[in-house]
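Trainee: In our numbering, the protein residues as written are 1 to 394.
In structure tokens, the structure reads:
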């Protein structure tokens, strides 16, 4: 496919960070109140420490392979161009084709803690993913990960359902269902009449492979091609859960996600037309620009790429493949809401603003907190509820 594409497409379309507008949606530093400035600057310091720890974790699973594993480096060199060529076409349906089959989805009662937390019926869902690597050359390699091949989610539902359903995608490393239920105040949405689906991303939680150093390590330990395939599989497997929900009679579906989950939410919003509302929360949208601030990961990865003789343009193209900025959304503008924290230094507000510009300046909510400390969270939970009520209820 690489040879076929290379004759018909130019370099990857990588959306640059937009220049500040005359009347920006996000307040600039001079617009902050004294209280907001104190909250933003204090929370930013906390995020910088967390960002450094995250950068070290990513560096620890990627750099040794690039420097020491010749097979790994050869696989990267031979396959990076494939993703850049797809990105250059800007066709999300081509980059992320719909699942060709819907496997049997198994349902098992969740444990008593989950049921008590939700105060309702809670089931753990799983299916054997029929996903094949988007790049045909990597399909045999991608079959090496049996734990990742079982897609998983947790479903909170009302016994008199089906109800409009809010789907939630966790962030990098943070896959436990109870953690996300508490962070997103999901019992609030459940009590307000919505069913909930908590989706587990590839290589996280029980999808992590044996001896994985931490949940989510597989997103990065298989290189830039592996990151591209992980995002492709994340979209693919989620769409099967949408098939499942529709098969049970669910007619209206909302989607939100945090950080990497926000990145995935943005990407799903470019292909899945059955999503009625999309709400990325502190999203990452441009990994290339994000890495520039992730010290010490960025210089270490650059050095590793240079030692591995990996082409920088091809690396950038592979990252563009999975960026929501590369494709046009299919969720209507009025049904998009972006949430960001001004003190966030893991997914800085500039990332959300890039998506806001790309999404035609849709609704945008900011709070004076960081990546994990969402100050005044109640404000956007109520805004989310209003948003969901407007578009998910008849």
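Backbone N, C-alpha and C fix where the C-beta goes; we use that ideal spot for every residue, glycine too. Note that this is a predicted model, so its numbers are computed, not measured.
Are the beta-carbon atoms belonging to residue 169 and residue 265 less than 8 Å from one another?
Mentor: Counting from one through the chain shown, the residue named residue 169 turns up at place 169. Counting from one through the chain shown, the residue named residue 265 turns up at place 265. The answer is yes: Cβ separation under 8 Å.
Trainee: Report the partner residues of residue 356 according to the DSSP bridge assignment.
Mentor: Position 356 of the chain shown, counted from the start, is the residue given in the question as residue 356. Answer is none; residue 356 lacks a bridge partner.
Trainee: Just checking, does the segment 279-298 make contact with the segment 207-216 on the three C-beta pairs under 8 Å criterion?
Mentor: Contact fails: fewer than three Cβ-Cβ distances are below 8 Å.
Trainee: Do residue 279 and residue 196 count as a contact pair if the criterion is CB distance below 8 Å?
Mentor: Sequence index remark: in the chain shown, residue 196 carries index 196 (1-based). Sequence index remark: in the chain shown, residue 279 carries index 279 (1-based). Not closer than 8 Å, so no.
Trainee: Are the segment 175-183 and the segment 196-209 touching, with three or more C-beta to C-beta distances below 8 Å?
Mentor: A contact exists between the segment 175-183 and the segment 196-209.
Trainee: Who are the near neighbours of residue 374 in its chain, counting only those whose CB is closer than 7 Å to its CB and skipping five residues on each side?
Mentor: Residue numbering aside, residue 374 sits at position 374 when the chain shown is read from its first letter. Only 341 and 367 meet the Cβ criterion.
Trainee: Identify the residues that DSSP records as bridge partners of residue 256: which are they?
Mentor: By 1-based counting over the chain shown, the position of residue 256 is 256. Its beta-bridge partners are 168 and 279.
Trainee: Is the separation between the beta-carbon of residue 284 and that of residue 371 shorter than 8 Å?
Mentor: Counting from 1 along the chain shown, the entry for residue 284 is found at position 284. Counting from 1 along the chain shown, the entry for residue 371 is found at position 371. Not closer than 8 Å, so no.
Trainee: Among 320, 154, 350 and 162, which has the Cα closest to the Cα of residue 84?
Mentor: The count along the chain shown starts at 1 and reaches residue 84 at position 84. Ranking the options by Cα distance to residue 84, first place goes to 320.
Trainee: List the residues that DSSP assigns as beta-bridge partners of residue 189.
Mentor: Here residue 189 is taken as the residue at index 189 of the chain shown, counted from 1. DSSP output for residue 189 lists no bridge partner at all.
Trainee: Quick check: the Cα distance between residue 390 and residue 312, rounded to an integer number of angstroms?
Mentor: Taking the first residue of the chain shown as 1, we reach residue 390 at position 390. Taking the first residue of the chain shown as 1, we reach residue 312 at position 312. Cα to Cα, the separation comes out at about 45 Å.
Trainee: For residue 166 versus residue 254, is the C-beta spacing smaller than 8 Å?
Mentor: Here the question's residue 166 lines up with position 166 in the chain shown. Here the question's residue 254 lines up with position 254 in the chain shown. Contact: yes.
Trainee: Does residue 100 come within less than 8 Å of chain C when only Cβ atoms are used?
Mentor: Judged by its chain identifiers, the structure shown contains no chain C, having just a single protein chain.
Trainee: Confirm, please, whether the CB-CB distance from residue 232 to residue 96 is below 8 Å.
Mentor: As a first step, residue 96 is located in the chain shown; it is residue number 96 there, counting from the start. As a first step, residue 232 is located in the chain shown; it is residue number 232 there, counting from the start. Taking 8 Å as the Cβ cut-off, residue 96 and residue 232 qualify as a contacting pair.
Trainee: Drop a sphere of 10 angstroms on the beta-carbon of residue 400, count the other beta-carbons inside from all chains shown, and report buried for 16 or more, exposed for fewer.
Mentor: In the structure as shown, the chain begins at 1 and stops at 394. Residue 400 is therefore absent and cannot be evaluated.
Trainee: Can you say whether residue 98 is buried or exposed, counting buried as having 16 or more other CB atoms within 10 angstroms of its CB?
Mentor: Counting from one through the chain shown, the residue named residue 98 turns up at place 98. Residue 98 should be labelled exposed.
Trainee: Taking only three categories from DSSP, how would you classify residue 178?
Mentor: Working through the chain shown from its first residue, we reach residue 178 at position 178. Helix, per DSSP.
Trainee: Which same chain residues end up closer than 6 Å to residue 189 when comparing Cβ atoms and leaving out the 5 residues on each side of it in sequence?
Mentor: By one-based count along the chain shown, residue 189 stands at place 189. Result list for residue 189: 166, in chain order.
Trainee: Need the endpoints of the beta strand (DSSP E) that residue 157 sits in, please.
Mentor: Here the question's residue 157 lines up with position 157 in the chain shown. Start and end: 150-157.
Trainee: To the nearest angstrom, how far is it from the Cα of residue 384 to the Cα of residue 277?
Mentor: Position 384 of the chain shown holds residue 384. Position 277 of the chain shown holds residue 277. Their backbone Cα atoms lie some 10 Å apart in a straight line.
Trainee: I believe residue 101 touches residue 130 by the beta-carbon criterion, under 8 Å. Please report the beta-carbon distance rounded to the nearest angstrom.
Mentor: Taking the first residue of the chain shown as 1, we reach residue 101 at position 101. Taking the first residue of the chain shown as 1, we reach residue 130 at position 130. The Cβ separation is near 5 Å, so the contact holds.
Trainee: Classify residue 65: buried if its beta carbon has 16 or more other beta carbons within 10 angstroms, exposed otherwise.
Mentor: Taking the chain shown and counting its residues from 1, one reaches residue 65 at position 65. Residue 65 comes out buried.
Trainee: How many whole angstroms separate the CB atoms of residue 355 and residue 324, which I take to be in contact at a CB cut-off of 8 Å?
Mentor: In the chain shown, residue 355 corresponds to position 355, counting from 1. In the chain shown, residue 324 corresponds to position 324, counting from 1. Rounded, the Cβ-Cβ distance is 6 Å, consistent with contact.
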